[in-house]
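Enquirer:
In my numbering, the protein residues as written are 4 to 239.
(1) Any idea what DSSP makes of residue 84, helix, strand or coil?
(2) Look at the alpha carbon of residue 10 and the alpha carbon of residue 204, and state the distance between them as a whole number of angstroms.
(3) Tell me whether the beta-carbon of residue 55 lies closer than 9 Å to the beta-carbon of residue 7.
(4) Short of 7 Å in beta carbon distance, which residues of its chain neighbour residue 24, apart from the five on each side in sequence? Order them along the chain.
(5) Which one of 26, 178 and 4 has the shortest CA to CA distance from residue 218?
(6) Is the CB-CB distance between residue 228 and residue 169 below 9 Å?
(7) Using three-state DSSP, classify residue 153 as helix, strand or coil.
(8) Between 107, 162, 32 and 15, which has its C-alpha nearest residue 278's C-alpha?
(9) Looking only at its own chain, which residues have a Cβ that is under 8 Å from the Cβ of residue 183, when we skip the five neighbours before and after it?
(10) Verify whether the separation of the beta carbon atoms of residue 62 and residue 81 is less than 9 Å.
(11) Going by DSSP, which residues form a beta bridge with residue 226?
(12) Quick one: give me the first and last residue of the alpha helix (DSSP H) that residue 14 is part of.
(13) Using CA atoms only, rank isn't needed, just tell me which of 191, 45 and 212 is closest to residue 122.
(14) Rank 26, 35, 58 and 75 by C-alpha distance to the C-alpha of residue 50 and give the top, closest one.
(15) Going by DSSP, name the residue or residues bridged to residue 159.
(16) Check residue 41 in the structure and name its three-state DSSP category.
(17) Whose CA, out of 107, 158 and 171, lies closest to the CA of residue 138?
(18) For residue 60 versus residue 36, is the C-beta distance shorter than 9 Å?
(19) Within a Cβ cutoff of 8 Å, which residues of the same chain sit near residue 42, ignoring the five residues on either side of it in sequence?
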């Protein structure tokens with residue numbers, strides 16, 4: 004797999020590139036946002052499978068670069084940064100990042116996330132349960148499973164891949180508590196413990212984007228459930 008590493012620190016880039024090469028990746032290093040965008044321009048060469056994007060770039064903020072990458076295509080983007088606060092994570096996911104890793108990180112964790120996002124791209128999105136190809140309506144929220152579109156009050160809401168998968172999972176059984184381990188297994192397809200924090204960030208992002216913070220309820224010590232409005236119905 005070709006991987007684009009966007010990192011302005013040459014020492015960090017060299018150390019990480021050596022690890023990635025040992026694990027079979029072809030690494031292209033971009034030191035700035037502009038170099039990253041140029042590297043992603045259409046060309047005859049094999050496209051990149053994943054972009055590892057640092058946020059502290061010399062010429063432009065990594066968030067801006069992520070937005071430009073997402074406008075150009077669906078290449079998976081993993082933000083790798085020292086910004087650990089939840090607000091930064093949510094902002095990154097809202098811009099279209101597929102994952103968010105905080106420095107310092109375990110290299111095994113990073114490799115697992117790279118493989119996870121590339122696997123989701125190659126195998127396609129999480130399919131809806133067999134026999135359920137209709138839209139789900141939850142009060143003013145409409146979830147179209149076949150087209151992976153979500154609207155609130157008739158206005159479409161842009162969700163990332165995992166945000167949609169998470170919402171669709173909870174919406175299949177409104178009122179039912181999904182354990183954290185179950186959600187991680189079904190949405191992220193892993194039992195890896197480090198995904199727990201990512202789950203919390205995705206839930207917070209969904210609440211923000213849908214502007215319905217009470218729609219997804221946290222069941223402390225257990226997991227999450229979708230609190231369906233009384234008028235919710237399911238149908239095409």
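Using N, Cα and C, we set each Cβ at its ideal position, and we do this for glycine too.
Expert: According to the data block:
(1) strand
(2) 24 Å
(3) yes
(4) In chain order, 30 place their CB closer than 7 Å to the CB of residue 24, counting only its own chain and leaving out the 5 sequence neighbours on each side.
(5) For residue 218, the nearest C-alpha among the options comes from 178.
(6) With a cutoff of 9 Å on beta-carbon distance, residue 228 and residue 169 are scored as not near each other.
(7) strand
(8) Examination of residue 278 is not possible in this model, given that the chain is present from 4 through 239 alone.
(9) 199, 202, 225, 226 and 227, listed in sequence order.
(10) no
(11) 182 and 222
(12) 13–25
(13) If we check each option's Cα against that of residue 122, 191 comes out closest.
(14) Among 26, 35, 58 and 75, the Cα nearest to that of residue 50 belongs to 75.
(15) 154
(16) helix
(17) 171
(18) yes
(19) 7, 31, 33 and 51
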